[in-house]
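Quick note: the sequence shown uses the numbering used here, first residue 87, plus one each step.
Virtual Cβ for every residue (Gly too), placed ideally from N, Cα, C.
Bear in mind the structure is a predicted one, so any value in this text is a computation, not a measurement.
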Amino acid sequence: MLLSAALSSSLRTLFHRPVSRRCCRSASFSTMSKMKKPKVYITRQFFDEPIELLRTVADVEVFGEEDDPIPREVLVDKLSDDDVVGLIPMLTDRIDGDVLDRCSPRLKIVANYAVGYNNISVSDATDRGVMVTNTPDVLNDSTADCAFLLLLATARRLVEADRYVREGRWTRAWGPKMLLGSDVSGKTLGIIGMGRIGREMVPRAKGFKMSVLYNNRTRLDPDEETKLGAEYRSLDDLLRRSDFVSLHVPLGDETRHIVGERELSLMKSTSFLINTARGPVVDETALIAALREGRIAGAGLDVHREEPTSTDNPLLQLDNVVVAPHIGSSTRETRLAMAMRAAENVVAALGGETPRDLVNPEVLERNELRK
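Listed below in structure tokens is the structure:
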């Protein structure tokens with residue numbers, strides 16, 4: 087009932103607000119309604135509510151597999167359909183210039199089902215007049231929850247303890263040094279990347295009476311630092327001082343391997359690294375060496391260099407590592423909210439409006455000049 091109400095509200099808001107003149111390509115919803123109904127393609131099994139919303143403006147086709155990524159050749163074949171004007175891909179789908187060159191010339195929007203969009207060549211999309219959107223805000227809490235869960239699990243050796251019981255090694259009732267972990271309360275958390283999710287880590291840390299340091303490309307306003315209760319530090323200083331280092335940066339040229347051999351060497355031998363951002367922001371080879379040699383105490387990883395990671399990945403053989411299969415936003419509520427946000431972006435674009443989460447606004451001016 088709540089979802090139906092939310093959907094109705096979303097539709098009322100969408101179709102009663104004035105149409106922006108800064109639209110990409112010239113076709114508006116009213117114009118398209120007189121033509122053959124356009125099509126939106128979704129690359130993985132999806133939720134019913136956003137599909138219902140999308141069907142108010144377009145036909146919807148969904149790739150049949152729930153767990154397997156769409157093969158590239160199938161994706162290209164589907165996008166070559168002249169009726170396809172919208173695409174909702176997953177993070178696992180690489181949308182580059184080659185794919186875009188073979189798309190329908192009517193393609194207006196690629197609405198990524200993720201907050202990150204490193205799987206899309208945004209510059210190639212812009213060159214071809216295609217809008218790109220993401221799904222920010224709605225997954226901040228769930229991802230921060232996951233990061234703090236990994237922090238607690240690594241500090242208290244929870245996964246090791248679970249295996250200890252299941253494997254029948256708990257043969258004595260109790261011992262003073264059995265499965266000793268590390269305190270979290272009163273320790274120092276270093277946050278690298280003070281965006282939406284990074285900021286959500288602060289109140290969680292404060293709930294455990296932690297001190298919070300942060301590093302960000304752009305320093306926050308002093309008043310905001312005071313309000314958050316977070317202290318700015320250079321990257322090197324943060325690494326030296328922190329008991330837990332949590333990564334919350336987007337993946338790009340500047341952040342690839344932002345934590346490598348040098349950075350790991352600066353961390354305390356008792357410290358832990360937490361990564362819920364993107365796998366390649368950490369040099370995985372250097373991390374494995376640091377963990378094996380005891381140069382840091384442990385790591386909690388929701389993301390990996392290659393996904394899915396191989397079962398022979400040396401990380402999986404280390405007891406001081408907790409791993410998860412990229413589930414940072416994986417709650418029913420969050421994944422549905424992400425899907426609705428992607429669908430709303432598509433509906434806005436097909437209705438001649440500027441999507442709420444447009445990441446390449448320069449495409450608007452480019453398309454205006456083309457008219």
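{"Query": "Assumed close pair GLU347, ALA372 - CB separation to whole angstroms, cut-off 8 Å", "Result": "4 Å"}
{"Query": "Meets three-Cβ-pair contact criterion under 8 Å: the region 237–247 and the region 265–283", "Result": "yes"}
{"Query": "MET275 vs SER357 beta-carbon contact at 8 Å", "Result": "Reading off the sequence, residue 275 comes out as Leu, not Met. No. Outside cutoff."}
{"Query": "Host alpha helix (DSSP H) of MET426 (start-end)", "Result": "418–436"}
{"Query": "Three-state secondary structure assigned by DSSP to VAL407", "Result": "strand"}
{"Query": "Outcome for THR117 when other beta-carbon atoms lying within 10 angstroms are tallied against a minimum of 16", "Result": "Bear in mind that a pLDDT of 47 at THR117, under 50, signals an unreliable position, so the model cannot answer this."}
{"Query": "Check whether LEU398 and CYS232 have beta carbons under 8 Å apart", "Result": "At residue 398 the sequence reads Asp, which differs from the Leu that was named. Not closer than 8 Å, so no."}
{"Query": "Residue environment, PRO308, which counts as buried when at least 16 other CB atoms sit within 10 Å", "Result": "exposed"}
{"Query": "Alpha-carbon spacing of VAL409 relative to GLY437, whole angstroms", "Result": "42 Å"}
{"Query": "Bounding residues of the beta strand (DSSP E) (the contiguous stretch that carries MET287)", "Result": "Premise fails: MET287 lies in the alpha helix (DSSP H), 282–293, not in any beta strand (DSSP E)."}
{"Query": "DSSP-derived helix/strand/coil call for ALA385", "Result": "strand"}
{"Query": "Own chain, CB closer than 6 Å to ASN302, minus 5 neighbours either side, in chain order", "Result": "MET280"}
{"Query": "Span separating the alpha-carbon of ARG255 from that of THR341", "Result": "42 Å"}
{"Query": "Segments of 3+ residues assigned as beta strand (DSSP E) that fall wholly inside the region 332–387", "Result": "358–361 and 384–387"}
{"Query": "Member of SER320, ASP322 and TYR300 whose CA lies at the smallest distance from the CA of LEU314", "Result": "TYR300"}
{"Query": "Delimiting residues of the alpha helix (DSSP H) encompassing LYS313", "Result": "308–314"}
{"Query": "Proximal residues to LEU422 (C-beta, below 6 Å), its chain only, five neighbours per side dropped", "Result": "PHE133"}
{"Query": "Nonlocal neighbours in the same chain, by C-beta distance under 8 Å from MET87, ignoring five residues either side", "Result": "Confidence in MET87 is poor, its pLDDT being 41 and thus under 50, which makes the residue's placement unreliable; the coordinate value appears in the next sentence. Excluding sequence neighbours, MET87 sits near nothing in its chain."}
{"Query": "At least three beta-carbon pairs within less than 8 Å, the region 123–137 to the region 157–175", "Result": "yes"}
{"Query": "Meets three-Cβ-pair contact criterion under 8 Å: the region 213–225 and the region 245–265", "Result": "no"}
{"Query": "Where the alpha helix (DSSP H) through GLU138 begins and ends", "Result": "134–140"}
{"Query": "VAL445 beta carbon less than 8 Å from that of VAL185", "Result": "no"}
{"Query": "Validate contact between the region 140–153 and the region 190–199 using beta carbons, cut 8 Å, 3 pairs", "Result": "no"}
{"Query": "Distance between beta carbons of ALA363 and LEU333, contact taken as under 8 Å", "Result": "5 Å"}
{"Query": "Element boundaries [beta strand (DSSP E), containing ASP29]", "Result": "Any answer about residue 29 is impossible in this case: the structure gives the chain only from 87 up to 457."}
{"Query": "Contacts around ALA434, its chain only, beta-carbon distance under 8 Å, and the 5 residues preceding and following it disregarded", "Result": "LEU100, THR440, PRO441 and ARG442"}
{"Query": "Every unbroken beta strand (DSSP E) inside the region 192–222 [3 residues or more]", "Result": "195–197 and 217–219"}
{"Query": "First and last residue of the uninterrupted alpha helix (DSSP H) at GLY183", "Result": "183–187"}
{"Query": "Of the listed residues GLU419, PHE234 and LEU359, nearest to GLU135 (C-alpha basis)", "Result": "GLU419"}
{"Query": "Anticipated Cβ contact below 8 Å, ASP369 with VAL345, distance rounded", "Result": "7 Å"}
{"Query": "Extent of the continuous alpha helix (DSSP H) to which LYS164 belongs", "Result": "158–165"}
{"Query": "C-alpha distance - GLN403 paired with LEU450, whole-angstrom precision", "Result": "50 Å"}
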